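S.K.: Residue numbers (UniProt numbering), protein chains in the order written: chain W, 1 to 437; chain A, 1 to 437; chain H, 1 to 437. Just so it is clear, CB atoms sit at the ideal spot from N, CA and C, and this is done for glycine as well. Here the structure is a predicted model, which is why all the values come from computation and not from measurement.
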Amino acid sequence: MLSEADNALLTQTGPGTPMGTVFRSFWIPALLSKEVPERDGTPVRVGLLGEKLVAFRDTSGRVGLLEARCPHRHANLFWGRNEDNGLRCVYHGWKFTVDGTCVDMPAEPADSTYKDRLRAVAYPTHEAGGIVWAYLGDPDNVPPFPAFDWTFLPEGYSYATKRLQQCNYFQNLEGELDSSHNYFLHREFQLPENGILAPEDMRRPDFYIAEAPHGLLVVVKRNLDSGNRYYRITPFMMPSYTIIPTEQAADEPDRFTAAVPLDDHNMWGYTVSWRRDRPLNEAELEEINSGRVSHAAVDPDTFIPLGNLGNDYLIDREAQRTRSFTGIPGVRVQDLAVQEDQDGPVCRRFEEHLGTTDRAIVATRRLMLRAARQVQQGTLPPQRDNASSYRLRSLAVEADSSTPWEDLWRERQGADNPDALPAKLEEVEEWASVDSE
Amino acid sequence: MLSEADNALLTQTGPGTPMGTVFRSFWIPALLSKEVPERDGTPVRVGLLGEKLVAFRDTSGRVGLLEARCPHRHANLFWGRNEDNGLRCVYHGWKFTVDGTCVDMPAEPADSTYKDRLRAVAYPTHEAGGIVWAYLGDPDNVPPFPAFDWTFLPEGYSYATKRLQQCNYFQNLEGELDSSHNYFLHREFQLPENGILAPEDMRRPDFYIAEAPHGLLVVVKRNLDSGNRYYRITPFMMPSYTIIPTEQAADEPDRFTAAVPLDDHNMWGYTVSWRRDRPLNEAELEEINSGRVSHAAVDPDTFIPLGNLGNDYLIDREAQRTRSFTGIPGVRVQDLAVQEDQDGPVCRRFEEHLGTTDRAIVATRRLMLRAARQVQQGTLPPQRDNASSYRLRSLAVEADSSTPWEDLWRERQGADNPDALPAKLEEVEEWASVDSE
Amino acid sequence: MLSEADNALLTQTGPGTPMGTVFRSFWIPALLSKEVPERDGTPVRVGLLGEKLVAFRDTSGRVGLLEARCPHRHANLFWGRNEDNGLRCVYHGWKFTVDGTCVDMPAEPADSTYKDRLRAVAYPTHEAGGIVWAYLGDPDNVPPFPAFDWTFLPEGYSYATKRLQQCNYFQNLEGELDSSHNYFLHREFQLPENGILAPEDMRRPDFYIAEAPHGLLVVVKRNLDSGNRYYRITPFMMPSYTIIPTEQAADEPDRFTAAVPLDDHNMWGYTVSWRRDRPLNEAELEEINSGRVSHAAVDPDTFIPLGNLGNDYLIDREAQRTRSFTGIPGVRVQDLAVQEDQDGPVCRRFEEHLGTTDRAIVATRRLMLRAARQVQQGTLPPQRDNASSYRLRSLAVEADSSTPWEDLWRERQGADNPDALPAKLEEVEEWASVDSE
């Protein structure tokens, strides 16, 4: 069980907070590329880590991400004119480029040097896989961009969506890491044949957690009644990224997710689906847009999921009785139901009671808290420098019980990925003790 | 006039507050029975005393009232599966019975004793008169259930409704006890014949207040021009129950009311109408559902009254000029208009100016404050143990001036009710001094 | 740049605050006369300086402005009966006249003197130019009513409107004083002929600021390429009134504006258009009601402008590209866009960066802060006593460079206005230093 102080440390990411500094030391998703489709097009409001920002694509195609308030008298640059490689404030015409340089102050005297002495707050951006990423940390210490597997692929091989999730980011992150709830929250069944609970051998997993260059590897092992083993391996990548295990047997696309704080009570949830071998096909895109899987179907203007707390996530109590563990349609919306109202927008973890299936969550909390404590001492998280270690897929596969999981893991990552499993992996069992013990 | 500190003591009922402990030492209404009509049916969210709860009727017909958050990682049990005498959390399948026992943790190891060591927070319930009552206090010290008059009657003789009232509970309680405002706020008239003010003899009552085993008796006496006396006697029953005087001459049903804090800015208002002699008839039920009397017509999903602050309580200013003191339709909605916006959701009583008609209110405040101070010393309110004293009707009757009110009162209560007027009743005049003096 | 403490001093106007005392020492607009059109008509809720008030026109035609809560037990007098020269509370019938005298307590004993000892909080009002003005300060020290130019005119020569603006009053006041933004925010243009920026000689003005009996005179001078000068003179009149320069060449009506705090996050914006020479004609009234000029088109019930933050001020991004600096229709709505979301409802002025065009704003802040500091010492602002100095028009005119602005100013005010430019005007340049220097 977490202390109340550690719960605050874990969940608060505004300017000046330790965990805010952790997030600001990494490249994080800021918006979808398709939100700023055109050069010189309409600017977009962006909320990130408690900051109000505005994004725009300039005449040269670069995406700028500026503090929303004009440095002059704080009119919102969202109303600004996006023209000739800069955003011009409508109040008095001050104009800024994507890097925050002030290039015009049309009401100041012609010989004024004021504009050379003043800059807008601007954050560097990087577009990859349909997402505009941003770095909000020390401008003199920009880390390399992570080598996400899907950034090596041609257009069409990956597809990114986002949703507004109305809770603290960590509630979603815990769900992404929780390889156990899959057999409850997301279960569909037929009565009376297969019952509302999954078979015993699927419900009671063993956990092995290792620290890795990108964060953690969560290895979940189930001893099947058949004698085989079923492995699910979820990489946690700092600061808040995971790759959800997708069934290899079903040949499903891989799925990356990110939980990015908008503020301490709201977050942006990103999901990227990708295939290494070919473009996503129509059936796969249809499934993504349907909201049946990890992508939510959202309102296109607000990014609020169509199933949400205001409509009780479209729960169907009759369906809950007869064929669905929740009665809520769609995997992502099922997650929202348990995460958005998890004791309110910020879960009081100091009053919870953890079980054996929560070991990955406990380890992740401790990794994140260690990072927050280290930035208070002036040390940035080392994972930010391990860009190549982010090139990963997840794993969900049944195997002969004699095959070591490390072999399965290396094979899954592919021959061209030597960083997939480093020589030395430290077990972090002492981090993962739970209340049930 | 109350001090600012006493006003806070009176109005704050969340966990850990003195007045919260007073409320938690009594049986209080939690929801209507008809909100959980079916065994294994849909759970219901319940807000009570600042706590978030969930109610469900189990396979055996018992009503459970659990803390809404699962003890595990705080998913809301409202989404839970109500199945086989228990509520099962959809996140990881933990299952709890109505008394909070954990009967299943399907993802824990088969030999785990964790579920035997963990309980959900559960409160005992008792159904009576169409209401599910709950006791939120010390589980080792449950008081007897009060002998409300209408709990002795067959089905159909009583009828209960509830409404969400958007103010602190004490503003409503004061109104229920205020036997004077009836001749103003609720007055209908004809112009020019009978004028907008009631006759003088009805407007200016005398007050006599006595402490009784259940709380207080408020005896209001009016000397009529005819030489007769008109009595209205309102019992106040701890912690926040009253029986509104109904005209005996009109043979109206009796009416019980309860003001139950949802939180410090919202309350549940319950009204029970009943007859001792026969089932409520169609005309009486029609009047209840019409919202014309003490029952409000409400939205069936939210229990928000149809006349509310958002629509100015449907006030008709022309009607106000010509035939209604307020122009607001319905007795309960008239009450809402003066109570919900009584200097905001929490009236600043430390800035009011009391008159002679406020003696009952002053005495009630002092009784409640005494109870709040006593629980701070570790003594629970004695009224909780006097269950039989709660079996009361109110009184509103014209009588010869030579008849003592005590005789009228005893007769009204009936021969089988020896506790209706105890031998010793202490007058509490010294509690009831007002600013007008 | 302002300190954080001074920003709070400038923007907080609730009861007991220094700036609240400054506002309470002046006559301020409370509501439009047409909101209380009839004698004995419907009362009106009024929010002013963080206080909740109720206005009503009595049988004699006088407008009362009372604290909304009845002094008895704080029922809202808005529900009251407006009858026979007084407002009667619906809860217990207490009745008050426009000056707060209690004339009836119908439930108190016939010989009670209580009503003679109790008063409602009532503020004096004064109707002028379609506005009900109020004085919320020391009742024993009422200042003379200001001699606004339009109060000397017959009916029909002036027209007043109001709007609810959702930000702190000072953000609007700064906009009214900012004679520079006119050539940016409000600019319409044709492409490619005249470009999106106004000609250089119009964009870069010189400022001269003088202290005057009513507050300040802001003199803005532009040296035109033609050799002429273009002057715009804006009077600032304490506590928050301005007269916007209107083009004399275009023979436009004059325009007075007031920024009146509702609370610290909302304000009432008043605009009065007037002509000295004749009634406003149909074209002028049509322009006022259209929302194209300084008057906003508003919802008639809430006074919320039709273009507002909720609908992105009806911005048309295509129009912004081709013919309008903002793409937002209407001068007032353009102002709202930059003022209502100016770093939120209360601008953090301690983080801004001022330019040379902000001299008037800086001087006004300093004048207001001086007044706030003086009331803390017990000295009321002297401007409140200088009623005759408020009789002013603004000025916006092109002139030969040899003509002194003082001559233009005196001529504009008219022969019957000897107070238009006092003998001694103190320059306040030392108050107006900006960050750009």
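Say whether chain A places a C-beta atom closer than 8 Å to the C-beta of residue 386(H).
M.R.: Under the Cβ distance rule, residue 386(H) does not count among the residues neighbouring chain A, no pair being separated by less than 8 Å.
S.K.: Within 8 Å (strictly less), CB to CB, does residue 49(W) reach chain A?
M.R.: no
S.K.: Under the assumption that residue 394(W) contacts residue 246(W) (Cβ atoms under 8 Å), give the Cβ distance between them as a whole number of angstroms.
M.R.: Contact flag correct, Cβ pair sits at about 7 Å.
S.K.: Using a Cβ cut-off of 8 Å, pull out every chain A residue sitting near residue 123(H), in sequence order please.
M.R.: Close partners of residue 123(H) in chain A (Cβ separation under 8 Å) are lacking, with about 17 Å as the shortest Cβ gap.
S.K.: Please check if any C-beta of chain H sits within less than 8 Å of the C-beta of residue 315(A).
M.R.: It does: the Cβ of residue 315(A) has a partner Cβ on chain H nearer than 8 Å.
S.K.: Given a cut-off of 8 Å on the beta-carbon distance, is the pair residue 314(A) and residue 353(W) in contact?
M.R.: no
S.K.: Report the residue ranges of all beta strand (DSSP E) runs contained in full by the region 210-239 of chain W; include only those spanning at least 3 residues, in chain order.
M.R.: 215-223, 229-237
S.K.: Should residue 338(W) and residue 75(A) be called a contact, given that it needs their Cβ atoms to be closer than 8 Å?
M.R.: yes
S.K.: Would you please verify whether the beta carbon of residue 167(A) is less than 8 Å from any beta carbon of chain H?
M.R.: no
S.K.: Determine, using beta carbons only, whether residue 197(W) comes closer than 8 Å to chain A.
M.R.: yes
S.K.: Which class does residue 1(W) belong to by DSSP, given the choice of helix, strand or coil?
M.R.: Of the three classes helix, strand and coil, the one that applies to residue 1(W) here is coil, per DSSP.
S.K.: Should residue 458(A) be labelled buried (16 or more other beta-carbon atoms within 10 Å of its own) or exposed?
M.R.: Outside the shown range of chain A, which is 1 to 437, sits residue 458(A), and nothing can be said about it.
S.K.: Any beta carbon of chain W sitting closer than 8 Å to that of residue 204(H)?
M.R.: Closer than 8 Å: yes.
S.K.: So, with DSSP's three-state summary, where would you put residue 157(W)?
M.R.: Coil at residue 157(W), not helix or strand.
S.K.: Okay, do the region 170-186 of chain H and the region 408-421 of chain H touch, 3+ Cβ pairs below 8 Å being the bar?
M.R.: no
S.K.: Just to confirm before moving on: does the CB-CB distance between residue 292(W) and residue 327(W) stay below 8 Å?
M.R.: no
S.K.: Would a check of beta-carbon distances place residue 185(H) closer than 8 Å to chain W?
M.R.: yes
S.K.: Of the residues 345(W), 84(W), 96(W), which one's Cα is nearest the Cα of residue 77(W)?
M.R.: 96(W)
S.K.: Please compile the residues from chain H whose C-beta is within a distance smaller than 7 Å of the C-beta of residue 426(W).
M.R.: The premise fails here: residue 426(W) is roughly 44 Å from chain H at the closest Cβ pair, so nothing lies under 7 Å.
S.K.: Three or more C-beta pairs under 8 Å: does that hold for the region 43-50 of chain A against the region 295-311 of chain A?
M.R.: By the Cβ rule, the region 43-50 of chain A does not count as touching the region 295-311 of chain A, because fewer than three pairs are nearer than 8 Å.
S.K.: What is the DSSP secondary structure of residue 34(W), counted as helix, strand or coil?
M.R.: helix
S.K.: Identify the residues that DSSP records as bridge partners of residue 207(H): which are they?
M.R.: 220(H)
S.K.: Using the beta-carbon of each residue, which ones in chain H are nearer than 8 Å to residue 109(W)?
M.R.: Within chain H, the residues near residue 109(W) are 204, 356.
S.K.: Strictly under 8 Å for the Cβ-Cβ distance: is residue 120(W) near chain H by that measure?
M.R.: no
S.K.: Per DSSP, what are the beta-bridge partners of residue 19(A) in this structure?
M.R.: DSSP lists no partner for residue 19(A).
S.K.: Step through the CB atoms of chain H and report whether any lies within less than 8 Å of the CB of residue 81(W).
M.R.: yes
S.K.: Start and end of the beta strand (DSSP E) containing residue 335(A)?
M.R.: Premise fails: residue 335(A) lies in the alpha helix (DSSP H), 331-340, not in any beta strand (DSSP E).
S.K.: Where does residue 270(W) sit, in a helix, a strand or coil, going by DSSP?
M.R.: strand
S.K.: Under a CB-based cut-off of 8 Å, is residue 213(A) close to chain W?
M.R.: no
S.K.: Would you call the region 355-363 of chain A in contact with the region 203-211 of chain A, where contact means no fewer than 3 C-beta pairs closer than 8 Å?
M.R.: Proximity of the region 355-363 of chain A to the region 203-211 of chain A meets the contact definition, three or more beta-carbon pairs being nearer than 8 Å.
S.K.: Comparing C-alpha positions only, which one of 258(A), 252(A), 305(A) sits nearest to residue 284(A)?
M.R.: Here the closest residue by C-alpha is 252(A).
S.K.: Establish whether the CB of residue 106(H) and some CB of chain A are separated by less than 8 Å.
M.R.: yes
S.K.: Can you list the alpha helix (DSSP H) stretches of 4 or more residues lying completely in the region 283-370 of chain A, in chain order?
M.R.: 317-322, 331-340
S.K.: Distance cutoff 8 Å, beta carbons only. Does residue 325(H) sit that close to anything in chain W?
M.R.: yes
S.K.: At a Cβ cut of 7 Å, what residues of the region 335-347 of chain A count as close to chain H, listed as they run along the chain?
M.R.: Result list: 337, 338, 341, 342, 343, 347.
S.K.: Out of 56(H), 182(H), 170(H), 20(H), state which residue places its alpha-carbon closest to the alpha-carbon of residue 136(H).
M.R.: 20(H)
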